[in-house]
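For reference, the structure discussed in these notes is given below.
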Amino acid sequence: MANPVWHSLAGQHAVIQQLSHPETMTSPTHAWLFTGPPGSGRSMAARAFAQTLQCEQQEISQRGCGTCQACVTIAAGTHADVNIVTTEKVQYAIDDVRELVSDAHDRPSTGRWRIIIIEDADRMTERATNVLLKAIEEPPERTIWMLSAPSPADVLVTIRSRTRHINLVIPAVEDVAQLLVGRDGIEAELAHTCARASQSHVGVARWLARSPEARERRDMIVNLPMTVSSASAAVESADNLHKLVQDEAEASSSDRNAAERSSLLRSLGLTEDDTVPPKLRVHFRRLEDNQTARNRRAIHDALDRAMIDLSGVYRDLLVLHLSQDTQLINEHLRPHLTEYSAKVSAEHCLSSLEAINTARRRLAGNVPPLLALEAMLLAFIPRTRRHAPL
Amino acid sequence: MASPRRSKNSGASWRDVTVSPLILVQGGEEYIHTRVTDSVKAQLKKAEPDTEIHHLSAAEYQAGELQVLASPSLFGEKKLLVFDDMHKMTDAFVVDGLEYIQHENPDVTFLGLHGGGNRGKRLLDALKKAGQHIEAKPIKSDRDRIEFLQAEFREARRRIDTDALRALADAIGQNLGELAAAAHQLISDTQGTITEDTVEQYYGGRVQATAFKVADSALDGQLGPATALLRHALATGVQPVAITASFAMKARQVARVVDAKLSQGQLASALGMAPWQAQRIMATARNWTPVNIAGAIELIARADAEAKGQARDAAFAVERMVTKVAGMAGRH
Ligand SMILES: [Zn+2]
Numbered sequence: 001m002a003n004p005v006w007h008s009l010a011g012q013h014a015v016i017q018q019l020s021h022p023e024t025m026t027s028p029t030h031a032w033l034f035t036g037p038p039g040s041g042r043s044m045a046a047r048a049f050a051q052t053l054q055c056e057q058q059e060i061s062q063r064g065c066g067t068c069q070a071c072v073t074i075a076a077g078t079h080a081d082v083n084i085v086t087t088e089k090v091q092y093a094i095d096d097v098r099e100l101v102s103d104a105h106d107r108p109s110t111g112r113w114r115i116i117i118i119e120d121a122d123r124m125t126e127r128a129t130n131v132l133l134k135a136i137e138e139p140p141e142r143t144i145w146m147l148s149a150p151s152p153a154d155v156l157v158t159i160r161s162r163t164r165h166i167n168l169v170i171p172a173v174e175d176v177a178q179l180l181v182g183r184d185g186i187e188a189e190l191a192h193t194c195a196r197a198s199q200s201h202v203g204v205a206r207w208l209a210r211s212p213e214a215r216e217r218r219d220m221i222v223n224l225p226m227t228v229s230s231a232s233a234a235v236e237s238a239d240n241l242h243k244l245v246q247d248e249a250e251a252s253s254s255d256r257n258a259a260e261r262s263s264l265l266r267s268l269g270l271t272e273d274d275t276v277p278p279k280l281r282v283h284f285r286r287l288e289d290n291q292t293a294r295n296r297r298a299i300h301d302a303l304d305r306a307m308i309d310l311s312g313v314y315r316d317l318l319v320l321h322l323s324q325d326t327q328l329i330n331e332h333l334r335p336h337l338t339e340y341s342a343k344v345s346a347e348h349c350l351s352s353l354e355a356i357n358t359a360r361r362r363l364a365g366n367v368p369p370l371l372a373l374e375a376m377l378l379a380f381i382p383r384t385r386r387h388a389p390l
Numbered sequence: 391m392a393s394p395r396r397s398k399n400s401g402a403s404w405r406d407v408t409v410s411p412l413i414l415v416q417g418g419e420e421y422i423h424t425r426v427t428d429s430v431k432a433q434l435k436k437a438e439p440d441t442e443i444h445h446l447s448a449a450e451y452q453a454g455e456l457q458v459l460a461s462p463s464l465f466g467e468k469k470l471l472v473f474d475d476m477h478k479m480t481d482a483f484v485v486d487g488l489e490y491i492q493h494e495n496p497d498v499t500f501l502g503l504h505g506g507g508n509r510g511k512r513l514l515d516a517l518k519k520a521g522q523h524i525e526a527k528p529i530k531s532d533r534d535r536i537e538f539l540q541a542e543f544r545e546a547r548r549r550i551d552t553d554a555l556r557a558l559a560d561a562i563g564q565n566l567g568e569l570a571a572a573a574h575q576l577i578s579d580t581q582g583t584i585t586e587d588t589v590e591q592y593y594g595g596r597v598q599a600t601a602f603k604v605a606d607s608a609l610d611g612q613l614g615p616a617t618a619l620l621r622h623a624l625a626t627g628v629q630p631v632a633i634t635a636s637f638a639m640k641a642r643q644v645a646r647v648v649d650a651k652l653s654q655g656q657l658a659s660a661l662g663m664a665p666w667q668a669q670r671i672m673a674t675a676r677n678w679t680p681v682n683i684a685g686a687i688e689l690i691a692r693a694d695a696e697a698k699g700q701a702r703d704a705a706f707a708v709e710r711m712v713t714k715v716a717g718m719a720g721r722h
């Protein structure tokens with residue numbers, strides 16, 4: 001059984017073994033690259049590794065206890081010798097990276113090491129990466145860098161060749177479900193349903209398990225292929241889906257946006273009632289720009305999730321064409337899906353999957369979401385006589 | 391300024407708001423919340439420059455606050471209490487609000503802003519009965535946007551041509567605040583009747599209008615005129631993505647009716663358009679089968695992606711799309 005700090009990492013047995021090896025703990029490589037698909041826990045793995053390195057337990061085999069001062073403060077993001085850097089922006093600015101590099105030269109104050117964890121290292125421009133590269137090449141003695149990115153291909157080859165690579169796998173459904181049961185106290189059947197529905201994305205699985213509304217929204221989305229049977233229904237559904245996604249993004253950001261505005265007002269010594277003097281307006285404009293960018297990202301993420309869920313439906317339908325005993329992503333909708341699979345061919349499922357991929361590419365290429373969704377949903381309509389192939 | 395009076399006006403226009411002891415603004419259009427608040431403030435300050443203004447959130451309201459704030463003051467100063475976020479009001483706010491309506495203070499203006507929904511229904515009903523109720527429904531349809539603009543110009547005692555109104559609404563888009571800002575700029579910058587040319591000069595309204603003409607003729611199956619209009623549009627600086635955007639909008643409307651059994655009236659209200667516009671769409675839709683319009687939307691999406699950088703020649707990508715779409719119309 002792994003030490004406590006590793007317990008939140010589902011299904012990464014090989015990685016845990018590698019990182020808690022006594023030799024790794026006593027003389028760690030000074031630069032690491034953690035990769036793994038979204039939701040596999042790459043950031044969590046980096047943090048847990050930092051905890052085992054800094055843990056105050058004397059016995060090496062006990063490190064990563066999760067209860068000592070070092071373990072607790074790293075989990076909270078407040079440990080003086082562990083910087084955890086993350087960005088909500090689309091890219092890191094070069095100045096952000098310069099600042100980190102200068103921090104890297106500080107000696108650790110209380111811990112054994114100074115550790116710098118950079119999440120989403122794939123969002124670093126080439127120029128920023130080159131600044132970082134120099135720091136990694138000539139590391140101060142007690143400094144350890146940990147970078148994380150979706151895949152090794154997402155970071156420059158020069159970074160890849162100078163870091164030790166830790167690759168997280170997509171965890172098994174069973175492992176994710178067990179984590180939800182053990183850590184979050186979710187009831188077993190729901191945990192399994194959500195682990196499958198999320199396609200083993202730990203964060204999404206937990207979110208679904210905890211929110212009946214999120215499950216309801218997801219069910220509405222995965223039912224689309226089965227309900228859209230006419231052109232008018234397809235464009236109407238595209239409109240609904242688009243609004244659903246916007247509402248979701250809006251709901252997740254509106255409270256935070258208002259709080260940020262109030263705190264900015266306060267910091268400038270203004271009240272809600274005052275008119276903002278012209279020379280201070282730039283602060284508000286900057287805040288609004290940041291909020292707009294974040295909101296756009298939230299919409300993008302919600303759309304992306306919807307596409308993944310829709311792909312799951314067609315993958316299930318394909319599975320049903322082949323065998324009746326394989327587990328489905330949407331196992332909870334099996335009767336429904338079985339009935340529908342009798343009406344559509346495997347070719348139609350494949351072309352629908354292709355339509356989903358095309359829509360994702362279009363969204364990435366700035367096609368208006370509504371238009372991309374309309375084209376996709378229209379492609380979901382099974383070709384009957386009235387709706388013959390082009 | 392008139393002294394506070396009780397009005398039982400229900401669902402009055404937000405433009406006509408007058409100062410009275412109880413005002414409820416209800417609905418999701420935040421811009422109207424802002425305008426009503428500004429107007430009430432201005433009216434009060436004009437009558438009584440020392441009016442005390444309190445801006446509070448009903449979502450964070452705690453028991454007793456209202457009674458304390460609204461209690462009569464020694465010298466009878468006027469007060470404005472603005473309660474934001476009433477759609478998230480606390481239970482204490484409902485209780486205190488109901489109690490306050492029974493014993494309102496004539497020196498106080500209670501202005502409640504409710505973002506929509508039914509939270510606090512008992513209090514809402516009581517406020518509607520005892521005070522001014524102003525609807526702030528989100529403005530979505532073309533017709534409502536044009537009406538909104540019309541009222542902005544009327545308020546400023548300015549004339550604007552119907553074509554100019556439409557061009558302005560098309561050029562600015564959905565956001566009410568932006569529509570108002572554009573109207574106010576035209577009002578302050580120009581003199582005399584505002585024409586389509588004025589709008590064009592300020593907001594390039596015709597750019598979109600030209601793009602729409604291309605879409606109209608292509609979806610009506612007029613290949614020749616469509617390509618000629620397209621070339622003219624591109625030559626006069628209309629961006630290829632403006633063309634794909636207007637095709638997307640038009641094709642969406644056609645798809646909405648192509649296999650739905652909607653009457654002209656139902657269509658007009660579903661799409662938020664005027665009856666004559668709905669009639670036009672239904673006529674266009676007769677050229678289309680469900681499968682063909684699906685194919686057209688696919689072509690438009692592809693051309694839009696190409697115009698945004700996936701193809702080297704955006705104009706060529708759009709021209710190919712226009713030709714194919716016009717060729718599909720009328721093919722049953
Ligand atoms: Zn520890």
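Heads up: the protein sequence lines correspond to chains A and B, in order.
For the first sequence, my numbering puts the final residue at 390, and the numbers step up evenly by one.
For the second sequence, my numbering puts the final residue at 722, and the numbers step up evenly by one.
The beta-carbon is built from N, C-alpha and C at its ideal position, and this holds for glycine as well.
Among the options, which one has its Cα closest to the Cα of residue i?
i	options	result
T110 of chain A	A:C71, A:L133 and A:L147	A:C71
A608 of chain B	B:E586, B:T634 and B:L569	B:T634
I562 of chain B	B:T583, B:I584, B:E590 and B:G487	B:E590
I400 of chain A	A:H79, A:W145 and A:E99	Here chain A covers residues 1 to 390 and nothing more, so residue 400 of chain A does not appear.
S198 of chain A	A:W32, A:L328 and A:S352	A:L328
A573 of chain B	B:V604, B:K698, B:D587 and B:A541	B:A541
K530 of chain B	B:T408, B:A697 and B:G417	B:G417
S267 of chain A	A:E250, A:H283 and A:E248	A:H283
A238 of chain A	A:E374, A:V157 and A:Q17	A:E374
L317 of chain A	A:M226, A:V15 and A:R164	A:M226
D255 of chain A	B:K478, B:A623 and B:R548	B:K478
N167 of chain A	A:L147, A:I186 and A:G185	A:L147
I381 of chain A	A:T358, A:A233 and A:E339	A:A233
L517 of chain B	B:Q575, B:A526, B:M718 and B:L501	B:L501
T24 of chain A	A:R42, A:A50 and A:G36	A:A50
I170 of chain A	A:T158, A:G185 and A:P150	A:P150
Closer than 8 Å by beta-carbon distance: list the chain A residues that pair up with residue i, in chain order.
i	result
R354 of chain B	The shown model of chain B, from 391 to 722, leaves out residue 354 of chain B, and the question about it has no answer.
I562 of chain B	None at all; the shortest Cβ gap to chain A is about 17 Å.
K698 of chain B	G365, N366 and V367
Where does residue i sit, in a helix, a strand or coil, going by DSSP?
i	result
N399 of chain B	No answer about N399 of chain B holds up, because its pLDDT of 44 lies below 50 and its placement is not dependable.
E442 of chain B	strand
S40 of chain A	coil
M391 of chain B	Reliability of the predicted coordinates at M391 of chain B is poor, the pLDDT of 37 falling under 50, and the value obtained from them is presented with this limitation in mind. M391 of chain B falls in the coil class under three-state DSSP.
V367 of chain A	coil
K468 of chain B	coil
I329 of chain A	coil
V498 of chain B	strand
I308 of chain A	helix
I170 of chain A	coil
L9 of chain A	coil
At 7 Å on the CB atoms, spell out the chain C contacts of residue i, in chain order.
i	result
D304 of chain A	This model lacks chain C altogether; the protein chains it does include are A and B.
In its own chain, which residues sit with a C-beta less than 6 Å from the C-beta of residue i, not counting the 5 before and 5 after it?
i	result
W207 of chain A	A214
G466 of chain B	D497
L310 of chain A	I356
In chain B, which residues lie with their C-beta within 9 Å of the C-beta of residue i?
i	result
D289 of chain A	Under the 9 Å cutoff, chain B gives no residues; its nearest Cβ is about 16 Å from D289 of chain A.
D316 of chain A	Under the 9 Å cutoff, chain B gives no residues; its nearest Cβ is about 24 Å from D316 of chain A.
A293 of chain A	Result: empty, since nearest Cβ-Cβ is about 18 Å, beyond 9 Å.
L310 of chain A	Chain B residues near L310 of chain A: none, gap ~16 Å exceeds 9 Å.
Which same chain residues end up closer than 7 Å to residue i when comparing Cβ atoms and leaving out the 5 residues on each side of it in sequence?
i	result
A716 of chain B	A608, G611, Q612, L613 and A616
Considering only residues of the same chain and omitting the five flanking positions on each side of residue i, which have a CB-CB separation below 8 Å?
i	result
M672 of chain B	V647, Q654 and L657
P22 of chain A	I60 and S61
How would you list, in chain order, the residues of chain B whose beta-carbon sits under 8 Å from the beta-carbon of residue i?
i	result
E347 of chain A	Neighbours of E347 of chain A on chain B: none; closest Cβ ~17 Å, over 8 Å.
L244 of chain A	Ordered by position in chain B, no residue passes the 8 Å Cβ test against L244 of chain A, which lies about 16 Å from the chain.
In chain B, which residues lie with their C-beta within 7 Å of the C-beta of residue i?
i	result
R362 of chain A	A691 and A695
E272 of chain A	H445
Could you name the residues of chain A that residue i contacts, counting a contact when the two beta carbons are closer than 9 Å?
i	result
R642 of chain B	V235, A238, D239, L370, L371 and E374
Residue ranges of each alpha helix (DSSP H) within the segment 190–235 of chain A, 4 or longer: 202–210 and 212–227
Length at least 4, wholly inside the segment 414–440 of chain B: the alpha helix (DSSP H) runs in chain order: 420–437
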